[in-house]
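What follows is a single structure, written as structure tokens, with notes after it.
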Amino acid sequence: MGYFYLIIAIIGEVVGTLSLKSSNGFTAILPSTLVLIGYGIAFYFMILSMKTIPVAITYSIWSGVGIAAVTLIASIKFGEKPDTFALIGLGFIIVGITILVSLSKMGAKIS
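Residue numbers (my numbering): 10 to 120.
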């Protein structure tokens, strides 16, 4: 169940983060509401996921997948195309998370 909760947390974080740009400094009601709801969902479900997944694993997956998803969606929605170095950086993030989760002893503690 921990990873299911983590997926919901990631979706909430992505919705909240993408809505920040559209909120115009919290002057636009709908996007501002989506920011609050998105981050509320993100933190609530992240707390639930930490009941079975170590905090370092939870946070690294949450933040890394969130960064990659926001970059991808922002490139489509806002035309913010990542350049070569941005893609290389995203690759390093993904490789780092993969190493942490699959090769470290910390990742082995997942129940």
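All residues carry an ideal CB built from backbone N, CA and C; glycine is no exception.
For S28, the uninterrupted alpha helix (DSSP H) segment begins and ends at 11-31.
According to the DSSP assignment, K86 belongs to the alpha helix (DSSP H) that extends over 64-86. Around the CB of F54, 16 or more other CB atoms lie within 10 Å, so the residue is classed as buried. The residue among V23, G11, Y14 with its C-alpha nearest the C-alpha of T80 is V23. The beta carbons of I50 and I17 sit closer together than 9 Å.
A straight-line Cα-Cα distance of about 8 Å links I82 and L27. Separation of the CB atoms of A77 and I103 is rounded to 7 Å, and the pair is thereby assigned contact status at 8 Å. Taken atom to atom, the span from the alpha-carbon of A95 to that of G75 is near 15 Å.
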